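**Q** If you scroll down you'll find the structure; I have some questions about it.
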Amino acid sequence: MVRTIVGANWGDEGKGKVTDMLAESSDVVVRFQGGANAGHTIINQYGKFALHLLPSGVFHQNVVNIIGPGVALNIEALISELESITSRGVPMPKLLISDRCQVMLPYHIDFDKFEEERLGKSAFGSTKSGIAPFYSDKFAKVGIQVCQLYDEEILRQRLEIALVKKNCLLEHLYHKPQVDVDAMVAHLHQLAEKIRPMVCDTTLYLHKANKEGKVILLEGQLGSLRDPDHGIYPYTTSSSPLAGFGCVGAGVSPRDMTDIYCVTKAYSSCVGAGPFVVRLEGEEGDELRRRGGDAGEFGATTGRARDVGWFDAVATRYGVMVQGATEVVLTNLDVLGYLDEIPVCVGYEVDGQVITDFPATPTLMRCKPVYEKLPGWKTDIRGVRNYADLPENCRKYVEFIEAQCGVPIRMVSNGPKREEILYR
20 MVRTIVGANW GDEGKGKVTD MLAESSDVVV RFQGGANAGH TIINQYGKFA LHLLPSGVFH
80 QNVVNIIGPG VALNIEALIS ELESITSRGV PMPKLLISDR CQVMLPYHID FDKFEEERLG
140 KSAFGSTKSG IAPFYSDKFA KVGIQVCQLY DEEILRQRLE IALVKKNCLL EHLYHKPQVD
200 VDAMVAHLHQ LAEKIRPMVC DTTLYLHKAN KEGKVILLEG QLGSLRDPDH GIYPYTTSSS
260 PLAGFGCVGA GVSPRDMTDI YCVTKAYSSC VGAGPFVVRL EGEEGDELRR RGGDAGEFGA
320 TTGRARDVGW FDAVATRYGV MVQGATEVVL TNLDVLGYLD EIPVCVGYEV DGQVITDFPA
380 TPTLMRCKPV YEKLPGWKTD IRGVRNYADL PENCRKYVEF IEAQCGVPIR MVSNGPKREE
440 ILYR
């Protein structure tokens, strides 16, 4: 049985809490794409954590955590993250790393920074974590797989091939020092030894686990609208955050995928560049941002202030569709308790017409939101333990969102803690 948790929107939907909760009833939790460029915030008995590379099952001793072949593996960041959780009392988790996973190299991060600097005002809003240069190398077939770290001849040969072009760019385009092959080989050799006990054929492990009836949970990073094929290109990430890519990035069969949980907030938030139709400016936006989440709407990895807005039904319906969601999880509902009425974006106005289907980026950039206002509930719903005990207007808001999405909302989050979730 393979369950998948993914984001319906721009990322930052609250997936970490949901993954942490569902991990309790899972045997294996897998990260299948992305790298240390985004984070999942989790609050549990150990404290508050922002995970970046580690799967969200690391707080459960019964869970085997896997970094799949689709992940951009920054080994230094992974080791640092492991040390950061164990130093706070979390037992060392069971962690496996795919031998086919590719390695984030120091020069990927450098090239990411240099290119954003070169682009200036035309930059894509990168987290400067090396993601775009990493995946560029992967698909140009000049990347380094984990398994290649343990054969020095192969490693050196592949680095020499890659660095011919890279050193030329460093010298003549960016005017930066070149990369020394010997120093890079020595650096990677040290890192490789630190993770050697964790490296294995995780694809084979997952297929065996599935045959044994184990519950496998795939954990996506970011959300539908950051997908390079179906999202707001070019303001996207460089790997696919869609559930469908979980088969590739984790190494499971499409036949085995069952539940697809698509997470969305009760309002909209977005960190990073690109069109965001429901963006709120001024005091209204500042108030929602300040109240949002456990400590306001700021990126778990970057710390950047997120853009915020009212719930975007057009974008979310599209995001749910491309994810193939079997159910929706609605998070941060408690944040809206201060409002007399709550706008919901039910359409976009563009070129004098109202559309309800999410368009491609050039059209999206000309869109303006069309709102329908719903009555607020004007009370704090934290502490409510049963969905039926929510105020009537609160339940009506959830039901309105559900009708807009076209997929059942089975879980509603009314606080940041793991236990603050209501089932429908």
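Last residue of the sequence shown: number 443 in my numbering, and the count goes up by one each step with no gaps. All C-beta atoms, glycine included, are put in the ideal place defined by N, C-alpha and C. Since this is a predicted model, take the numbers as computed values, not measurements.
#1: Classify Y367 as helix, strand or coil using the three-state DSSP reduction.
#2: Give the C-beta separation of V49 and A269 to the nearest angstrom, bearing in mind that I take them to be a contact with Cβ-Cβ under 8 Å.
#3: Using the Cβ count rule (16 or more neighbours within 10 Å means buried), how would you classify R444?
#4: Taking all protein chains shown into account, do 16 or more other C-beta atoms lie within 10 angstroms of the C-beta of A285, making it buried, or fewer, making it exposed?
#5: Thinking C-beta only, is T23 closer than 7 Å to L444?
#6: Secondary structure at D39, three-state DSSP: helix, strand or coil?
#7: Going by the beta-carbon positions, is the gap between T335 and C424 smaller than 7 Å?
#8: Find the nearest neighbour of V339 within the set D246, H59 and K185, judged by alpha-carbon distance.
#9: Can you list, in chain order, the stretches of the beta strand (DSSP E) that have 3 or more residues and sit fully within the region 248 to 295?
#10: With C-beta atoms as the reference, is A27 less than 7 Å away from C281?
#11: Pair every Cβ in the region 203 to 221 with every Cβ in the region 115 to 131, then say whether three or more of these pairs are closer than 8 Å.
#12: Verify whether the separation of the beta carbon atoms of A42 and H71 is less than 7 Å.
#13: Can you tell me where the alpha helix (DSSP H) holding H208 begins and where it ends?
#14: At what residue ranges does the region 339 to 413 contain a whole run of the beta strand (DSSP E), taking only runs of 3 or more?
#15: Let me make sure I understand the geometry here. Which of D331, F153 and L189 has the alpha-carbon closest to that of Q52?
#16: CB-CB under 8 Å to C447, same chain, minus the five flanking residues each way: which ones, in chain order?
#17: Using only the alpha-carbon positions, how far apart do H191 and H127 sit?
#18: Distance, Cα to Cα, P435 vs D170?
#19: With a threshold of 6 Å on Cβ separation, who are the neighbours of F68 within its own chain once the five nearest residues in sequence on each side are excluded?
#20: Is it a yes or a no for the region 425 to 434 touching the region 400 to 417, going by three-plus beta-carbon pairs under 8 Å?
#21: Quick check on A8: buried or exposed, where buried means 16 or more other Cβ atoms within 10 Å of its Cβ?
#22: Thinking C-beta only, is V389 closer than 7 Å to G366?
#23: How long is the line joining the alpha carbons of F377 and V296, rounded to whole angstroms?
#24: I128 lies in the alpha helix (DSSP H); which residues open and close that run?
#25: Can you tell which of I361, I98 and S258 has the C-alpha that lies nearest to the C-alpha of S243?
#26: Just the Cα atoms here: how many angstroms apart are K184 and V161?
#27: Alpha carbons only, please: which of P394, C386, L383 and I440 is nearest the one belonging to D408?
#28: Closest by CA to E438, which one among D39, E411, K387 and P196?
#29: Which of the three DSSP states, helix, strand or coil, is assigned to C120?
#30: For A55 versus N93, is the C-beta distance shorter than 7 Å?
#31: For the putative contact between G89 and F264, defined by C-beta atoms under 8 Å, what is the C-beta separation to the nearest angstrom?
#32: I think W329 touches V354, with their Cβ atoms under 8 Å apart; what is that distance to the nearest whole Å?
**A** Short version:
#1: strand
#2: 5 Å
#3: Outside the displayed span of the chain (20 to 443) sits residue 444, for which this structure offers no information.
#4: buried
#5: The question about residue 444 has no answer here: the residues shown for the chain are numbered 20 through 443.
#6: helix
#7: yes
#8: D246
#9: 276 to 284 and 287 to 289
#10: yes
#11: yes
#12: no
#13: V200 to I214
#14: 346 to 350, 360 to 369, 372 to 374 and 387 to 394
#15: F153
#16: Nothing in the structure corresponds to residue 447, since the chain is present only between 20 and 443.
#17: 17 Å
#18: 45 Å
#19: I61
#20: yes
#21: Absent from the model: residue 8. The displayed extent of the chain is 20 to 443, so no value can be given.
#22: yes
#23: 11 Å
#24: P125 to L138
#25: S258
#26: 11 Å
#27: I440
#28: D39
#29: coil
#30: yes
#31: 7 Å
#32: The Cβ separation is near 12 Å, so there is no contact.
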